[in-house]
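Residue numbers (my numbering): 3 to 316.
These notes are about the structure you will find just below.
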Ligand code: KDG
């Protein structure tokens, strides 16, 4: 199969090496973060080709991002911007109860993306185009790039997947709702948490949210409920998918893992029940390790998770 193509910003991620205020200790670690590249890595680990379209700066952070994605065998279709720097995300955990995330991404290379950055061949030859609500929040150019990619995909009969992924630091709920509604209408699959779905539909009950999302256009809507699993409306059938219980270490990236699991199964031609089962298992597995994408599972990881068994290998 032709695999998945995605489009979005990946940033350098600076986080504390330990839990504790940065005023007290300063050991930092450097990694990468981006919702769309997380999904690309997840899909790739589950055995499907994945490409990622973006821009990075001509700096060490950009090089790190490209190396990480290539190390994961994701095809990085990114241009290097000689003027704008790579965006930065900073994650501080002053104590075990709180995580503060701050973005330094205004004027970043990826915020300078335009429709011209969209690799048309990659989009029209893919099985699935996956986009998120983060990219249109980055500026007019990135918003146009998303609209262009979605148009190309639709015209070529490529399945369009959208994760609402609302980021309150980037735009208001009103702006997000107005910009995302036309994208939802053109998507085949839409994912979102209840707070995100409520940008688009006037409902509070997850089941009705899923149904109402479908009435906007997509044949498949999945409302992700975190520790409470997911409720979906797929081809007219409403289903509740329970969570797979794990010992949670870090929940960030679980939503991207869920999407990756779902889309990987979709590309394999699996029925909706199997798509949702794998999505839930992948989301749970991602919570068992630190990092936004480091804990994304392979097929063998998922079989081990679902099969249980001995946790210690000697
Ligand atoms: O989905 C996890 C993300 O929060 C992440 O890795 C960073 O893309 C990101 C964002 O904009 O928050």
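All C-beta atoms in this analysis are idealised placements derived from N, C-alpha and C, irrespective of residue type, glycine included.
How is the alpha helix (DSSP H) around residue i delimited, first residue to last?
i: residue 265; result: 256-270
i: residue 274; result: 274-288
i: residue 223; result: First-last for residue 223: 222-226, but that is the beta strand (DSSP E), not the alpha helix (DSSP H).
i: residue 144; result: 142-157
i: residue 300; result: Counting along the chain, residue 300 falls outside any alpha helix (DSSP H), and DSSP gives it neither H nor E.
i: residue 98; result: Unbroken run through residue 98: none, as it is neither H nor E.
i: residue 73; result: 62-73
i: residue 210; result: 208-217
i: residue 196; result: 196-199
Helix or strand or just coil, what does DSSP make of residue i?
i: residue 236; result: strand
i: residue 34; result: strand
i: residue 45; result: helix
i: residue 170; result: coil
i: residue 184; result: helix
i: residue 116; result: coil
i: residue 86; result: coil
i: residue 293; result: coil
i: residue 204; result: coil
i: residue 4; result: coil
i: residue 308; result: helix
i: residue 25; result: coil
i: residue 138; result: helix
i: residue 176; result: helix
i: residue 111; result: coil
Can you find a heavy atom of ligand 1 that lies under 7 Å from the Cβ of residue i?
i: residue 291; result: no
i: residue 69; result: no
i: residue 255; result: yes
i: residue 37; result: yes
i: residue 91; result: yes
i: residue 136; result: yes
i: residue 46; result: no
i: residue 177; result: no
i: residue 258; result: yes
i: residue 294; result: yes
i: residue 104; result: no
i: residue 100; result: no
i: residue 169; result: yes
i: residue 3; result: no
i: residue 40; result: yes
Residue i bridges to which residues according to DSSP?
i: residue 104; result: 92
i: residue 55; result: 9, 79
i: residue 163; result: 132, 191
i: residue 126; result: In DSSP, residue 126 forms no bridge with anything.
i: residue 16; result: 32, 92
i: residue 241; result: 234
Should residue i be flagged as near chain C, meaning a C-beta pair shorter than 8 Å?
i: residue 47; result: Checking the listed chains, one finds no chain C in this structure; it contains a single protein chain.
If we count Cβ pairs, one from each stretch, closer than 8 Å, do we get three or more for the stretch 3-13 versus the stretch 35-51?
-> yes
Please confirm if the stretch 69-84 is in contact with the stretch 159-169, defined as three or more CB-CB distances below 8 Å between the two stretches.
-> In short, these stretches do not touch, since the Cβ pair count stays below three.
Hey, is the stretch 247-258 in contact with the stretch 283-300, meaning 3+ C-beta pairs nearer than 8 Å?
-> yes
contact_flag[the stretch 15-35, the stretch 144-153] where n(CB pairs < 8 Å) is 3 or more | Cβ pair count under 8 Å is below three, so no.
Is it true that the stretch 200-207 meets the stretch 179-188, where meeting means three or more beta-carbon pairs spaced less than 8 Å apart?
-> Yes, they touch.
Between the stretch 204-216 and the stretch 230-238, do at least 3 Cβ pairs fall closer than 8 Å?
-> yes
Specify whether the stretch 298-310 and the stretch 76-95 touch according to this definition: at least 3 beta carbon pairs, one from each stretch, less than 8 Å apart.
-> Touching, no.
Three or more C-beta pairs closer than 8 Å, one from the stretch 96-108 and one from the stretch 116-134: is that the case here?
-> No: the two stretches stay apart, fewer than three of their Cβ pairs being nearer than 8 Å.
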